[in-house]
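Since the structure comes first, as structure tokens, the remarks are kept for the end.
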Amino acid sequence: MKGCLVLENGRVFHGDLIGATQQAYGEVVFHTGMTGYQEILTDPSYAGQIVVMTYPLIGNCGLNVRDFEAQKPWLTGFITSEACDLPSHHESEGTLADYLAKQGIVGLTGVDTRRLVQTIRQHGSLKGYIVAQDQREHLVAGMTETASEKGSLFPALPRDTVKRVTTPTIYTHTKHGDSHVVLLDFGAKANIARSLAGIGCRVTVVPATTSFDKIQALEPDGIMLSNGPGDPQDCADLLPTIRRLGETYPMFGICLGHQLIALAYGARTEKMKFGHRGSNHPVKSLATGQVWMTSQNHGYTVSEADFPAALTVTHRNVNDGTVEGIAHAELPVFSVQFHPEAAPGPQESYELFLQFLVLIRERKGQQLVYAT
Amino acid sequence: MYTLPKDAKLLVIGSGPIVIGQAAEFDYAGTQACKALREEGYQVVLVNSNPATIMTDTDVADRVYIEPLTVATLTAIIEKERPQGLLATLGGQTALNLAVELSEAGVLERYGVQLLGTPLASIKQAEDRQLFKDLMEQLEQPIPESEIVHSLEEGLQFLEQIGLPVILRPAYTLGGTGGGIAETMEQAISILTRGLKQSPIGQVLVERSIRGWKEIEYEVMRDGNGTCITICNMENVDPVGVHTGDSIVVAPSQTLTDRNYQMLRTAALTIIRALKIEGGCNVQFALDPYSDRYCVIEVNSRVSRSSALASKATGYPIAKIAAKIAVGLQLDEIVNPVTGRTYAAFEPALDYLVVKVPRWPFDKFPQAARTLGTQMKATGEVMALGRNFEEALQKALRSLEIGVDGVYLAEVAAWSDEVLGAYLAAEPDDRRLFALAEALRRGVTVAQLQQGTQVDAWFLHKLAGLVELESQLKQMTLEEMTAEQLLLFKKKGFADTRIAALIGTQVKSMELQVEKSAEQQVAVALSEQQDTASAMTGLLQVSKTHPATAPTPQDVRAKRLAAGIKPIYTLVDTCAAEFESSTPYYFSTYVGEPEEPNSEPFSKKKAMVVGSGPIRIGQGIEFDYCSVHAVNALKRLGYETVILNNNPETVSTDFDTADSLYFEPLTAEDVLAVIEREGVELTFVQFGGQTAINLASQLAEAGVKIAGTSLAGIHAAEDREEFRQLLDRLAIPQSVGGTATDVTSALATAKRIGYPVMVRPSYVIGGQAMAVVYSDEELVRYMERATDVGQGHPILIDRYLAGKEVEVDAVCDGKNVLIPGLFEHIERAGVHSGDSMSVYPPQSLSEEEVRTIVSFTEKIALHVPVVGLLNIQFVIVDGQVYVLEVNPRASRTVPILSKVTGVPLVDLAVRVSCGEALAEAGYGIGLYPAKEYVVVKAPVFSFAKLTGLDIQLSPEMKSTGEVLGIGATYEEALAKAFVGAGIPVGASAGSFSTGLLVSITDRQKAEALPLLERFAALGMTLFATEGTARLLIEAGLHVHTVPRDEESTQSLLKSGAVQFVLNAPTLAQDPTRLGYQLRRFTVEMKLPCLTSLDTAAAWLQALEAKTKPIPMYLNV
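Sequences listed follow chains A and W, in order.
Sequential numbering of the first sequence, starting at 9, is according to this note's numbering.
Sequential numbering of the second sequence, starting at 109, is according to this note's numbering.
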């Protein structure tokens, strides 16, 4: 069935609908990774967003049981230039279109994704609808109305996404391990817990809103703040807990977790023009001068205006100079904007998990010795 | 942080002559490196023996030495120039090996030369099989079970352990020379024996075959600070078993999950970190299609063919960045030249797909074995970009210029099911893609094909989709086809010609079907044997006899344009549009929204240079040189320049070359679309070889203004009959000739002309299937074979003028002619000009002969009339000058003549084409005064890679590259040229320890005797086959007689007693003859084999002179 993407600036992109047959609405963002569509589809950080893949051929390997980052997709729509109907991979268990249909996600394919990316790049972040072709008239008619009505046609995005995507209950991800890490799930990708387990940690996952006392009762050795969707400032209620946790335990934050640490210690965050989403973002370690290729997915960034003395910038983006990593001057607290857990994307920053482990062991009075 | 002070002098080693496995990609890499180093303030001294390259232009480096690439020459240059640094990772395996040798000989240490970039120890670790294996084990990187062997016995022992099949890889050889897969013990022994011989260190790796696994490559870079990046990964459509240079390749990989992709990427980075690579590196993996298992196949610790491909595929200029890393810069300090706003420390994101298809020489060499294995056979490659696989694939196929414009090869379509089945079950060759499509056409399933060939189902499904679309096309008429349907076919890459050929061929009307298939057959027959232009002419003629219902490509085009369906041009920007990009590097696609017409008026006049496509025998890097120079000349004249080409290896497709680069097939449809989009005023077709000039008619018909020589002028020179008449009018002698269509008429014609005769099918390029025939018997044999080749076209029979050949390149403005110089061939006529050695200035022409040649050249140029370049081949017999051939375009010798005479031929051609008068161009008119030095060009062959091919010099061109020797005297120039071409002159040759095996045809025995006497006088030990030996004994020479059988000659060659072979054959191309076997075996043994007495005489002259050549640089 013919469908289209209608953007709030009035631009319309045509394509064919796949997956669920309904209307989708969200912030339209693009990802430049050439692989990893399955991980992207199920990354809870995309909650409320319509994701555009810039690589034109998506779905070539089908979907498999190993590469899900969450039990279900949280994005509202998925846009490709081409969606593969005849995937080929020994692990494949179904096509992209079937998966979208099963999960109730609207897909639009056959779209000029490059032109769409250029539109987003020039205009900045845009909201949009994926609708069937025959619904478009209605939408476009609405857009010609007054500005205030236009606002109601493209409403602001929900501000409670973290609370929607977080785990409703505390659960144990990995039972056994030398050190116990409590992972605050703001919309965590599964590979964060897997990575922690992979370095020998016991992992307990807790809801975003879990109180300090409850976490303390779990007797953690370290706290992991996960990635997650939306504007970090929508999570202001969580900051006191994070501050207390940071004063008590070694703490490592990723993406939204990084932004929340920044906010908790007095830094600000701001919305970016169109964000960073891809597997090729160069991040320089200010300590070593080495550059890592990193996996990224964020629309907000830590601002350096009125940057608190308690924090130092440890990593920067090579291209736009934005803050990519911070550390607390005194506490064993650090965080990065990018995704060391990869999935999808480059794996070289995985060693940050080991750094976290060093902090945990130091706190426990142990020295970490690991083979290089 | 720079390793060396900013004004330091750096030595860059090029890759030498073009051979299979080491081609134009190193001109691209070397040129980029030189530019990059000079950008940083360094002085560059360049050494390369290949004169056809851009990198040997005097404005590319501060000192350009066109000298043989040997340790002796390089040592002399180092001694003279005293460079502080040496960059050897951008000149292929040749440069890398030389760096190792220079270091081991203590030269680098003696003169304090620092090796830049990747350290020597790392190079050795990656190259030496044992060290590499140890490293992989240490890094826990899986490699196939293997062992390095130094002898046959050792090899056989290991084989017993691991069993068959095995892959055998000799160490330190180009493009996997001498390697192969062995399924049987017999094959294993034969490949192992050859490999041990070919490896300069006598090492062969024997490993368990992982055939059928996916072959994946990663192009990676690392800087001195340890930052590592992947430029791109590539997936071979052909699974492990076919050399990556012979595989169809896609970038990025298509059938890997992110987990697979990152697993291999991490492995690649682990390896380059351990190797401490500083620059570019290539890591090849095999990935089990049914599990997460993988193996590391190979690591190239240098810039390679794959890195040129990756550079063009992604826009990321690997060689340039590698050169900057080599002098100490870090990736995050270097700006990404494509975006101009981001840094080199990033990984390109593609929003399109790239397909590379190799170009094989089997059209030229039907007798060469076309099976593909671990030994590379392709001479070149094409690359195409698209927004889907089908589009990129079909664009790539029509870029090949092999008479196909889709996944259809008439030859394969004609096979019976049994033949097709047997073909697919056997070792793959260059036709596999077409055979797969044909099998799908006949109802074989994807699953069956995947099982049989291990080609991934993803690619097969795409092929099946194309086959399905073809069948839809066949069932509709052009009138019925909706705009939407037409757009779908265009989106899937169907060319207008392909749509026209298929449409309506299976509609109900039987009449139309019959007509159409007849037309198709003719079209196919034509396109198989001819260049594009004559195929087109043929098509037009055929279509005239057909009812108006059979649509032509023009009809499809008209319908398409009426429906407003035009290609969209997309930027290669390295970042999937995430950032704005300033680099105008485009490709066409039909996927996406139509472009908004360019509303801004063009500020400058625009000119387009049509490039020369893939490197093939007869059309090499020279034409890329000409294209690049044409662009530069046009820029100087104030034009905005557009270049169109599809060869990823070249300088012309560097986005730095022209103002806009279009990576496109070179067909009328694709070229016209760009001309229209860019508003090109002037189109140049005289620099891109036959590829470009063949487009002239179609472009002109479409209203394009062709720069330089008019279409009528082009015809006057290219059309045989018109040309014959022109020469008659000018009273210029030419060879007498006639035509024949069958054996009887051939014999009659030959009788009339008199033997020997030169025979060739009409409609061929580059001397394909040309031969000199000496007798009725030979002529009958020739005609029997030529009927396959000629496809019903007449065979041309000319008197063979066994004289001295002279080649002239000239530039003409229609009023005056400038001849920068003459090249005299060293071998007499009958050897293709591309395969002969030649000398500038001529050494044996009389003043009268030179005057005649100049006068004929002027007459022809002015009467055609030529505006721009022309190339004429003359032959002188008994003082009489005949014209053999005229080409109204740039020739193979243009770069050489430009370099050695200092007359910028291409620049002048462009200027006169744009209206400038030659007389005022600053180089005068008439014959340009000769330089005081002597220059000898020598051809270089890739015979070792092309099993089955007879190596005898003939009218059919066989060489892949060339070298130049520049000397103060003829002998010195000869010596350098021979050495550069791998034929030793000097202490090692011409002594008592040197064995020379001679075997001379009866026809030339008398002529050979004085030469053989001189070889003996030099002190060489002569071995001769029986007949030749008798001759020598009668002449009183000491000779070892060799029985005339295969075993005796081979065991002699194996014994090591013979270092050179001189074989003047009776009959070429006959595998049953001893001569053929001897020549092939000599090649296998990597010994020089001369097949012309003229070459032998020149070699003698160089040997006898005992010169001590001194390196000379060209910069003024």
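Using N, Cα and C, we set each Cβ at its ideal position, and we do this for glycine too.
**Study point:** glutamate 455(W) vs threonine 338(W) beta-carbon contact at 8 Å
**Key:** Yes, these two residues count as a Cβ contact at 8 Å.
Practice item. Report the option in Ala279(W), Leu532(W), Leu780(W) and Ile289(W) whose CA atom is closest to the CA atom of isoleucine 309(W). Key: Among Ala279(W), Leu532(W), Leu780(W) and Ile289(W), the Cα nearest to that of isoleucine 309(W) belongs to Ala279(W).
Review point. By DSSP, does asparagine 68(A) sit in helix, in strand, or in coil?
Key: Looking at asparagine 68(A) - three-state DSSP - the assignment turns out to be coil, as it is neither helix nor strand.
Practice item. Can you check DSSP and say which residues form a bridge with tryptophan 300(A)? Key: Val291(A).
Review point. Helix, strand or coil for glutamine 1167(W) per DSSP?
Key: coil
Practice item. Use the C-beta contact count for threonine 791(W): other C-beta atoms within 10 angstroms, 16 or more gives buried, fewer gives exposed. Key: buried
Review point. With distances taken between CB atoms, is the gap from serine 1021(W) to alanine 815(W) smaller than 8 Å?
Key: yes
Review point. DSSP state of lysine 652(W), grouped into three classes?
Key: Below a pLDDT of 50, predicted positions are generally treated as unreliable, and lysine 652(W), at 37, falls in that range; the measurement from the model is reported next regardless. Lysine 652(W): helix per DSSP, three-state reduction.
Review point. Can you tell me the Cα-Cα spacing of leucine 226(A) and methionine 232(A), whole angstroms?
Key: 14 Å
Point to revise | CA nearest to the CA of arginine 668(W), picked from Leu544(W), Phe731(W), Met589(W) and Ser307(W) | key: Met589(W)
**Study point:** Simplified DSSP state of lysine 279(A), which is helix, strand or coil
**Key:** strand
Practice item. Express the C-alpha separation of leucine 71(A) and glutamine 558(W) in angstroms, rounding to a whole number. Key: 21 Å
Exercise for review: Please report how far the alpha carbon of proline 168(A) lies from the alpha carbon of aspartate 242(A), in whole angstroms.
Suggested key: This sequence places aspartate at residue 168(A); proline is not what is there. For aspartate 168(A) and aspartate 242(A), the distance between alpha carbons rounds to 7 Å.
**Study point:** Residues that proline 397(W) contacts on chain C, provided the C-beta gap is smaller than 8 Å
**Key:** Of the protein chains in the structure, A and W, none is chain C.
Point to revise | Residues that proline 64(A) contacts on chain W, provided the C-beta gap is smaller than 8 Å | key: Asp459, Tyr460, Leu461, Arg495, Asn496 and Val699
**Study point:** Test: lysine 6(A) CB closer than 8 Å to a CB of chain W
**Key:** Since the first and last residues shown for chain A are 9 and 380, residue 6(A) lies out of range.
Review point. Would a check of beta-carbon distances place isoleucine 337(W) closer than 8 Å to chain A?
Key: Output row for isoleucine 337(W): interface = yes.
Point to revise | Any chain A beta carbon closer than 8 Å to arginine 347(W) | key: According to the sequence as given, residue 347(W) is proline; it is not arginine. So, not an interface residue.
Practice item. Kindly indicate which residue of Val1014(W), Asp242(W), Met1220(W) and Ala1116(W) has the alpha-carbon position closest to the one of alanine 738(W). Key: Val1014(W)
Check your understanding: Looking at C-alpha atoms only, which residue of Glu1155(W), Val257(W), Ala290(W) and Glu262(W) is the closest neighbour of leucine 1225(W)?
Key -> Nothing about residue 1225(W) can be reported from this structure: the residues present for chain W run from 109 to 1224 only.
Check your understanding: So, glycine 1229(W) versus leucine 118(W), is the Cβ gap smaller than 8 Å?
Key -> A question about residue 1229(W) goes unanswered here, because the residues of chain W that appear run from 109 up to 1224.
Check your understanding: Can you give the beta carbon distance from valine 446(W) to alanine 430(W), rounded, assuming they're within the 8 Å contact cut?
Key -> Not confirmed; about 16 Å, so no contact.
Practice item. With 8 Å as the limit, tell me which residues of the stretch 114-128 of chain A have their beta carbon closer than that to any beta carbon of chain W; keep them in chain order. Key: Asp120, Thr121, Arg122, Arg123, Val125 and Gln126
Point to revise | Neighbouring residues, chain A, relative to glutamine 362(W) (Cβ below 8 Å) | key: Leu65 and Asn68
Point to revise | Sequence-distant residues of the same chain with beta carbon closer than 8 Å to alanine 856(W), five excluded per side | key: Ala848
Check your understanding: Grouping DSSP H, G and I as helix and E and B as strand, with all else coil, what is glutamine 222(W)?
Key -> strand
Check your understanding: Is there at least one Cβ from chain A nearer than 8 Å to asparagine 390(W)'s Cβ?
Key -> So no, asparagine 390(W) is outside the interface.
Review point. Taking only beta-carbon atoms, is proline 352(A) less than 8 Å away from chain W?
Key: Under the 8 Å criterion on CB atoms, proline 352(A) is classed as interfacial with respect to chain W.
Check your understanding: How many Å lie between aspartate 537(W) and arginine 478(W) at the Cα?
Key -> The alpha-carbon atoms of aspartate 537(W) and arginine 478(W) are separated by roughly 6 Å.
Point to revise | Contact set between serine 53(A) and chain W, taken where Cβ atoms lie within less than 7 Å | key: The premise fails here: serine 53(A) is roughly 16 Å from chain W at the closest Cβ pair, so nothing lies under 7 Å.
Review point. Excluding sequence positions up to five away, which residues of its chain have a Cβ less than 7 Å from the Cβ of alanine 521(W)?
Key: Excluding positions up to five away in sequence, the list reads Glu546.
Check your understanding: Are serine 287(A) and threonine 322(A) closer than 8 Å when you measure CB to CB?
Key -> Cβ atoms of serine 287(A) and threonine 322(A): not closer than 8 Å.
Check your understanding: Whose C-beta lies closer than 7 Å to the C-beta of proline 227(W) among residues of the same chain, with five residues either side of it excluded?
Key -> Closer than 7 Å at the Cβ level, and outside the excluded window around proline 227(W), lie Lys384.
Review point. Is it right to say serine 735(W) is buried, meaning 16 or more other beta carbons lie within 10 angstroms of its own, or is it exposed?
Key: buried
Check your understanding: Which residues does DSSP pair with tyrosine 1031(W) in a beta bridge?
Key -> Tyrosine 1031(W) is not bridged to any residue.
Review point. Leaving out five residues before and five after glutamate 1024(W) in sequence, what residues of the same chain have Cβ atoms less than 7 Å from its Cβ?
Key: none
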